[in-house]
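Visitor:
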Amino acid sequence: MSGGTFVGMPAFPEAAHEAVGNTTLRANLRHATHTIRDKRARAVAELDDWAELRAAGRRVKDHTLRHLDRYLVQLEESVVRAGGTVHWAADADEANRIVTDLVKATGESEVVKVKSMATQEIGLNEALEAEGIHAYETDLAELIVQLGRDRPSHILVPAIHRNRGEIRDIFAKEMAGWGRPAPEGLTDTPAELAEAARLHLREKFLRAKVGISGANFMVAETGTLVVVESEGNGRMCLTLPETLISVVGIEKLVPTWRDLEVFLQTLPRSSTAERMNPYTSMWTGTTDSDTADGPSTFHLVLLDNGRTDTLADEVGRQALRCIRCSACLNVCPVYERAGGHAYGSVYPGPIGAILSPQLRGTQSEIDASLPYASSLCGACYEVCPVAIDIPEVLVHLRERVVQGGEATRHGTKVMLKPAKGHAAERAAMRAAGLVFARPGALRAGQRLASRTRRLHPRTLPGPGRAWSATRELPKVPAEPFRDWWQRTQGARSKGKGNDA
Ligand code: SF4
Numbered sequence: 001m002s003g004g005t006f007v008g009m010p011a012f013p014e015a016a017h018e019a020v021g022n023t024t025l026r027a028n029l030r031h032a033t034h035t036i037r038d039k040r041a042r043a044v045a046e047l048d049d050w051a052e053l054r055a056a057g058r059r060v061k062d063h064t065l066r067h068l069d070r071y072l073v074q075l076e077e078s079v080v081r082a083g084g085t086v087h088w089a090a091d092a093d094e095a096n097r098i099v100t101d102l103v104k105a106t107g108e109s110e111v112v113k114v115k116s117m118a119t120q121e122i123g124l125n126e127a128l129e130a131e132g133i134h135a136y137e138t139d140l141a142e143l144i145v146q147l148g149r150d151r152p153s154h155i156l157v158p159a160i161h162r163n164r165g166e167i168r169d170i171f172a173k174e175m176a177g178w179g180r181p182a183p184e185g186l187t188d189t190p191a192e193l194a195e196a197a198r199l200h201l202r203e204k205f206l207r208a209k210v211g212i213s214g215a216n217f218m219v220a221e222t223g224t225l226v227v228v229e230s231e232g233n234g235r236m237c238l239t240l241p242e243t244l245i246s247v248v249g250i251e252k253l254v255p256t257w258r259d260l261e262v263f264l265q266t267l268p269r270s271s272t273a274e275r276m277n278p279y280t281s282m283w284t285g286t287t288d289s290d291t292a293d294g295p296s297t298f299h300l301v302l303l304d305n306g307r308t309d310t311l312a313d314e315v316g317r318q319a320l321r322c323i324r325c326s327a328c329l330n331v332c333p334v335y336e337r338a339g340g341h342a343y344g345s346v347y348p349g350p351i352g353a354i355l356s357p358q359l360r361g362t363q364s365e366i367d368a369s370l371p372y373a374s375s376l377c378g379a380c381y382e383v384c385p386v387a388i389d390i391p392e393v394l395v396h397l398r399e400r401v402v403q404g405g406e407a408t409r410h411g412t413k414v415m416l417k418p419a420k421g422h423a424a425e426r427a428a429m430r431a432a433g434l435v436f437a438r439p440g441a442l443r444a445g446q447r448l449a450s451r452t453r454r455l456h457p458r459t460l461p462g463p464g465r466a467w468s469a470t471r472e473l474p475k476v477p478a479e480p481f482r483d484w485w486q487r488t489q490g491a492r493s494k495g496k497g498n499d500a
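Here the UniProt record's numbering is used: position 255 in the sequence shown is 255, and no number is missing along the way.
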């Protein structure tokens, strides 16, 4: 992502190595992910038709992505008809420029934000700050991250890596520098922490003239945007400011309200394990602010930033079905141990491992390492409410990293160079390919391996040592299968042939 937040991150193995050694982080993550995953399993088990809902969600998303060009135009017409303005942003820089200019045009120097992954993806806060505009996060977890000068580490619970004691310390130390200070003698009880955040944020809500949001969904037929949330901060951001600017990835589209119905059932159960979201805010265009709640000026910035390129990949495009429920993070054994920061992106966990390398390309060290940030156990696929086969995309991207090959960048086909560090693997695969293509060579190789089997090392040498240290290498049999077959079954069938 072009925002400065994650620039210079080391590749996943190094970043994860550091995180794995942090026992507090591991304890926080284990407790949080296990709690959420167990609740989710119970919430999903309540529905007899979960499998049908999952299949329907997948179908709706695939259909929409196949006809995205048509539905985006329909959405634009609907938004304009309802009084809004639509802007198209090809990449992060363009989106940041559009939003910054829109805020400047209002004459305001501060904005309130409802949690939005798209604006984090493009580094909007940093871009606004560079122009002297302060962006205040209003989601409780995002507030903790912002006050702690930290980075989000989970899609749904961005401060999952913090415990209550750490949050208390951040509030007590930092709130005064951003507005209303934390109350004297603040403790780490959830009610007191929530009250401190409420008081701190309320003055910002009541003062703000500009709100910035993302959206969970956009409905093409009416131009309606939807935000689902648990705290009510989103409702305040969406209804109080006179100007609302929504930055939304182009894949967040559904054609009709009937399609939306599917996701309003699957998203809350998959994410917060609730039967429905506490707050589901929907807005269509503008309102007359003298007589009704809601913005009198509304801008929708439709963000591409690598999504069209992702759509061009037949295997990888399924990542665009994602509804950001975070269920795959909570069941992932790698995420549970490494935490979200190791993924070097606003999208951590299994979905981040397939989405970031597609949105950003696999040329950087961190992006080339992400498809390997998985044990391929398949737990992510099992829980995904839109049935994204994450292991399939991971293997596909690994192939791209090792082999290079064709990909689409900025709408143009490009040949990618193989990533560095896979020379031995490539040589081994090439050699295997040559041998398997020649039956005579394969037979000679198998006989040689059988005859020399007592000399075989128990672990691989060089870079393969770490890999084989925790795995048992298969034992080579004393006689290759083909020879055994010929000696036994082959001889028998020959005998049968003679009898006949
Ligand atoms: S990939 Fe599936 S499980 Fe993971 S966040 Fe997206 S929708 Fe949820």
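Glycine included, C-beta positions come from ideal geometry on N, C-alpha and C. Since the structure is predicted, the reported quantities are computational estimates derived from the model, not experimental observations.
For Asp-293 versus His-410, is the C-beta distance shorter than 8 Å?
Guide: no
Visitor: Counting along the chain, where does the alpha helix (DSSP H) carrying residue 582 start and finish?
Guide: The structure shown does not extend to residue 582, since the chain is modelled only from 1 through 500, so no value can be given for it.
Visitor: Would you call the segment 367 to 386 and the segment 318 to 335 in contact, with 3 or more CB pairs under 8 Å?
Guide: They touch, by the three-pair rule.
Visitor: Three or more C-beta pairs closer than 8 Å, one from the segment 222 to 236 and one from the segment 269 to 280: is that the case here?
Guide: Contact holds: three or more Cβ-Cβ distances are below 8 Å.
Visitor: At which residue ranges does the segment 169 to 247 contain complete beta strand (DSSP E) runs of 3 or more residues, listed in the order of the chain?
Guide: Complete beta strand (DSSP E) runs here, min 3: 210 to 213, 217 to 219 and 224 to 229.
Visitor: Between Asp-62, Ile-133, Asp-91 and Gly-123, which has its C-alpha nearest Ala-105's C-alpha?
Guide: Ile-133
Visitor: Look at the Cβ atom of Leu-140, then the Cβ atom of Trp-178, and state whether they are nearer than 8 Å.
Guide: Between Leu-140 and Trp-178, the C-beta gap is not smaller than 8 Å, which leaves the two residues out of contact.
Visitor: Residue range of the alpha helix (DSSP H) that Ala-79 falls in?
Guide: The sequence given here has Val at residue 79, not Ala. Its alpha helix (DSSP H) spans residues 68 to 81.
Visitor: Thinking C-beta only, is Asp-91 closer than 8 Å to Asn-233?
Guide: no
Visitor: Taking the alpha-carbon positions, what's the residue 522 to Leu-128 distance?
Guide: Nothing in the structure corresponds to residue 522, since the chain is present only between 1 and 500.
Visitor: Which residue from Glu-251, Pro-295 and Lys-475 puts its Cα closest to that of Leu-72?
Guide: The option with the nearest alpha carbon to Leu-72 is Glu-251.
Visitor: Does the distance between the C-beta of Cys-377 and the nearest non-hydrogen atom of the ligand SF4 fall short of 7 Å?
Guide: No, the ligand SF4 has no heavy atom inside 7 Å of this Cβ.
Visitor: Quick check on the burial criterion: 16 or more other C-beta atoms within 10 angstroms. Buried or exposed for His-161?
Guide: buried
Visitor: Got a sec? Which residues, its chain only, sit under 6 Å from Leu-102 by beta carbon, not counting five neighbours each side?
Guide: Ile-245 and His-299
Visitor: Would you kindly check if the distance between the Cβ of Ala-312 and the Cβ of Gly-214 is under 8 Å?
Guide: no
Visitor: Can you round the beta-carbon distance between Thr-297 and Thr-243 to whole angstroms, since I take them to be within the 8 Å contact cut?
Guide: Beta-carbon to beta-carbon, Thr-297 and Thr-243 are separated by about 4 Å, close enough to satisfy the 8 Å threshold.
Visitor: Buried or exposed for Ser-414, please, with buried defined as at least 16 other CB atoms from any protein chain shown within 10 angstroms of its CB.
Guide: Before going further, note that residue 414 is Val rather than Ser in the sequence given. Looking at its Cβ environment, which holds fewer than 16 other Cβ atoms inside 10 Å, Val-414 is exposed.
Visitor: If you count every other CB in all the chains shown that lies within 10 Å of the CB of Leu-124, and 16 or more means buried, which is it?
Guide: buried
Visitor: Please report how far the alpha carbon of Leu-442 lies from the alpha carbon of Pro-391, in whole angstroms.
Guide: 30 Å
Visitor: Bridge partners for Ala-89 per DSSP, in chain order?
Guide: Leu-303
Visitor: Buried or exposed: Leu-65, going by 16 or more other Cβ atoms within 10 Å of its Cβ?
Guide: buried
Visitor: Given that a residue counts as buried once 16 or more other Cβ atoms are within 10 Å of its Cβ, and exposed if not, what is Glu-76?
Guide: buried
Visitor: Just to check, is the beta-carbon of Pro-385 closer than 7 Å to a non-hydrogen atom of the ligand SF4?
Guide: yes
Visitor: Counting Cβ pairs closer than 8 Å, one from the segment 445 to 461 and one from the segment 350 to 359, do we hit at least three?
Guide: no
Visitor: Which one or two residues does DSSP pair with Gly-249 in a beta bridge?
Guide: Leu-303
Visitor: Beta carbon of Leu-434, beta carbon of Arg-458: below 8 Å?
Guide: Result no, Cβ atoms of Leu-434 and Arg-458 do not sit closer than 8 Å.
Visitor: If you draw a straight line from the C-alpha of Leu-320 to the C-alpha of Arg-59, how long is it?
Guide: 13 Å
Visitor: Three-state secondary structure (DSSP) at residue 501?
Guide: Because the chain spans 1 through 500 in this model, residue 501 falls outside it and cannot be assessed.
Visitor: Looking only at C-alpha atoms, which of Pro-255, Pro-333, Val-114 and Lys-173 sits nearest to Leu-240?
Guide: Val-114
Visitor: Alpha carbon to alpha carbon, how far is Leu-416 from Leu-397?
Guide: Each residue's CA atom was taken as its position, placing Leu-416 and Leu-397 some 12 Å apart.
Visitor: Please tell me whether Ile-205 and Leu-260 are closer than 8 Å, where the distance is taken between their beta carbons.
Guide: The question names Ile, yet the displayed sequence has Phe at residue 205. The answer is no: Cβ separation not under 8 Å.
Visitor: Under the three-state reduction of DSSP, which class applies to Ala-342: helix, strand or coil?
Guide: helix
Visitor: In whole angstroms, give me the CA-to-CA distance for Glu-174 and Leu-199.
Guide: 14 Å
Visitor: Where does His-34 land, buried or exposed, given buried means 16+ other C-beta within 10 angstroms?
Guide: exposed
Visitor: So for Tyr-381, helix, strand or coil by DSSP?
Guide: Helix, per DSSP.
Visitor: Taking 8 Å as the cut-off, decide whether the C-beta atoms of Phe-171 and Ala-159 are in contact.
Guide: Not closer than 8 Å, so no.
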